[in-house]
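Novice:
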Amino acid sequence: MKANSQKISAITAYDYSFAKIANDSEIDVILVGDSGAMVMFGYETTSPATMEEMLLMSKAVSRGATNSLLVGDMPFMSYHASVDDAIRNAGRFIKEGGMQAVKIEGDRHLAKTIRAITKAGIPVMGHIGLQPQMAQSWDGYKVHGSSYSSAKQLIEDAHELEQAGAFCIVLEMITEEVSKIISESLTIPTIGIGSGRYCDGQIIVLHDLLNLNDSLNPKFVKQYADLKTQTQNALSDYKDDINTNNFPTSSHSWSMESSELKKLQKYLGLIKKNKL
Numbered sequence: 001m002k003a004n005s006q007k008i009s010a011i012t013a014y015d016y017s018f019a020k021i022a023n024d025s026e027i028d029v030i031l032v033g034d035s036g037a038m039v040m041f042g043y044e045t046t047s048p049a050t051m052e053e054m055l056l057m058s059k060a061v062s063r064g065a066t067n068s069l070l071v072g073d074m075p076f077m078s079y080h081a082s083v084d085d086a087i088r089n090a091g092r093f094i095k096e097g098g099m100q101a102v103k104i105e106g107d108r109h110l111a112k113t114i115r116a117i118t119k120a121g122i123p124v125m126g127h128i129g130l131q132p133q134m135a136q137s138w139d140g141y142k143v144h145g146s147s148y149s150s151a152k153q154l155i156e157d158a159h160e161l162e163q164a165g166a167f168c169i170v171l172e173m174i175t176e177e178v179s180k181i182i183s184e185s186l187t188i189p190t191i192g193i194g195s196g197r198y199c200d201g202q203i204i205v206l207h208d209l210l211n212l213n214d215s216l217n218p219k220f221v222k223q224y225a226d227l228k229t230q231t232q233n234a235l236s237d238y239k240d241d242i243n244t245n246n247f248p249t250s251s252h253s254w255s256m257e258s259s260e261l262k263k264l265q266k267y268l269g270l271i272k273k274n275k276l
């Protein structure tokens, strides 16, 4: 897609229903993101996500999406302890989760791991800039590439990951100028999240795009629907209809044939008469 200048559309998904909607909308890439730890399991950060939780979501997504490229987000500490662990866990995303590739957060120090996973036959998507798994341990949620030294490191990291075999790199919260340089200098595509207009594609957390996540409101998100408000209104209307006997109505119910009802009424009359 990079060769013909066609932009890549990517979105996160964590369950069957939304994965099917994304697939039917012809979204190019569906990422089963570790952001599911927050929006699906209620953790405060992405770091607590486990392999089992990620695989559970991956299995659901893979059943709903048949055409989009499916990428599993390797959770914190699933690829840090050793290269063997990384290969094994990446393999689980493919064999058990139904994914077609995995994503790894990290700069050039993870090039060896990416190379090993790729050599094992598993495509790897890189991820540089803001790395949510490590944000609390490092320097928090800030924009990257604002200084010369930061920009230089990001550019070098991107090239290292490409040389290691990454088929694509996510650029998160990187200044637009640096994202443009990286995107134009790599042969593999870049997918931006909060990294400006010049990436080869864009990804947004689904719950942010639909306003289903009330805990965060990132500057880089454009909301395309307000499903939180719409859902709350729908549920309030549902409750009101129940309380006012406006739901269910006869149109939502089934009735017996009159002949069968008469038989039942006759039977009930006998019961009452004989006090059975």
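Residue numbers for the sequence shown follow my numbering, beginning at 1 and rising by one. Just so you know, even glycine gets a beta-carbon here, dropped at the ideal spot from N, CA and C.
1. Are the segment 64-74 and the segment 93-104 touching by the rule of at least three beta carbon pairs closer than 8 Å?
2. Exposed or buried, which one is Gly269 when buried takes at least 16 other CB atoms within 10 Å?
3. Would you grab the beta carbon distance between Ile182 and Ile193 for me? Rounded to a whole angstrom, and I think it's under 8 Å.
4. Rank Glu257, Ser78, Ala151 and Asp28 by C-alpha distance to the C-alpha of Thr50 and give the top, closest one.
5. Alpha carbon to alpha carbon, how far is Ile27 from Lys219?
6. With distance defined between alpha-carbon atoms, name the residue in Arg63, Phe76 and Asn67 nearest to Glu96.
7. Which residues share a DSSP beta bridge with His127?
8. Could you tell me whether the segment 35-42 touches the segment 226-244, using the rule of 3 or more Cβ pairs below 8 Å?
9. In terms of residue numbering, what span does the alpha helix (DSSP H) encompassing Asp241 cover?
10. Which residues bound the alpha helix (DSSP H) around Ser62?
11. Using DSSP's beta-bridge definition, name the partner residues of Gly192.
12. Please confirm whether Thr104 and Met125 have their CB atoms less than 9 Å apart.
13. Taking 8 Å as the threshold, find out whether the segment 3-17 comes into contact with the segment 51-61 through three or more Cβ pairs.
14. Quick check: the segment 206-213 against the segment 172-191, are there 3 or more CB pairs under 8 Å?
15. Look at the Cβ atom of Ala86, then the Cβ atom of Ala116, and state whether they are nearer than 9 Å.
16. Give the straight-line distance between the Cα atoms of Leu206 and Ser179, rounded to the nearest whole angstrom.
17. Is it buried or exposed, Ile242, if we count other Cβ atoms within 10 angstroms and call 16 or more buried?
18. Taking the alpha-carbon positions, what's the His159 to Leu186 distance?
19. Given a threshold of 16 other Cβ atoms within 10 Å of its Cβ, counted over all protein chains shown, does Ser195 qualify as buried or as exposed?
20. Measuring alpha carbon to alpha carbon, tell me which residue in Ala10, Asn4 and His252 is nearest Gly201.
Specialist: Looking at the coordinates:
1. yes
2. exposed
3. Contact doesn't hold; Cβ gap of about 14 Å is too wide.
4. Ser78
5. 23 Å
6. Arg63
7. Gly106 and Val170
8. no
9. Leu227 to Asn243
10. Met51 to Gly64
11. Leu171 and Gln202
12. According to the sequence as given, residue 104 is Ile; it is not Thr. Taking 9 Å as the Cβ cut-off, Ile104 and Met125 qualify as a contacting pair.
13. yes
14. no
15. yes
16. 22 Å
17. exposed
18. 7 Å
19. buried
20. Ala10
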